[in-house]
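Each remark here refers to the structure printed beneath this line.
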Amino acid sequence: MRIGHGYDVHRLVEGRKLVLGGVEIPHDKGALGHSDADVLVHAVMDALLGAAALGDIGIHFPDSDVQYEGISSMILLKEVGRLLRDKGYR
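For the sequence shown, position 25 (counting from the first letter as 1) is numbered 686 according to the numbering used here, and the numbering increases by one without interruption.
See the structure below:
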């Protein structure tokens with residue numbers, strides 16, 4: 662059995678959507694980040710990657726890469742699933 666721990670923190674600001682677990686939550690503020698800043702999904706991805714000793718989301722999806730700007734974290738989670746399957750995890 663492998664265990665991974667993940668966490669994520671984003672500041673809440675006006676003018677952004679608040680997304681948790683891929684669900685948009687009605688609120689006057691949202692999380693500031695390069696992607697959709699879904700802290701729940703980011704923490705899950707970090708835990709999965711850590712359990713497989715594959716680094717963290719910053720390594721795989723750097724905020725310096727424009728292809729991830731505004732991207733849904735659910736898309737990134739699918740990519741993490743593919744990375745895990747490619748390494749033999751199921």
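Think of the CB as a built atom: it goes at the ideal place given N, C-alpha and C, for glycine as much as any other residue.
DSSP state of residue i mapped onto helix, strand, coil
{"i": "residue 698", "result": "coil"}
{"i": "residue 684", "result": "strand"}
{"i": "residue 693", "result": "coil"}
{"i": "residue 715", "result": "coil"}
Residue i, enclosing beta strand (DSSP E) - first and last residue
{"i": "residue 673", "result": "673 to 675"}
First through last residue of the alpha helix (DSSP H) which encompasses residue i
{"i": "residue 740", "result": "734 to 747"}
Rounded Cβ spacing between residue i and residue j (contact assumed at less than 8 Å)
{"i": "residue 726", "j": "residue 718", "result": "Going by Cβ atoms, the distance from residue 726 to residue 718 rounds to 12 Å, so no, they are not a contact pair."}
{"i": "residue 700", "j": "residue 712", "result": "At roughly 19 Å, the Cβ-Cβ gap does not stay under 8 Å, so residue 700 and residue 712 are not in contact."}
{"i": "residue 710", "j": "residue 749", "result": "About 15 Å separates the two Cβ atoms, so there is no contact after all."}
Is the stretch 718 to 733 in contact with the stretch 678 to 696, if contact means three or more CB pairs nearer than 8 Å? yes
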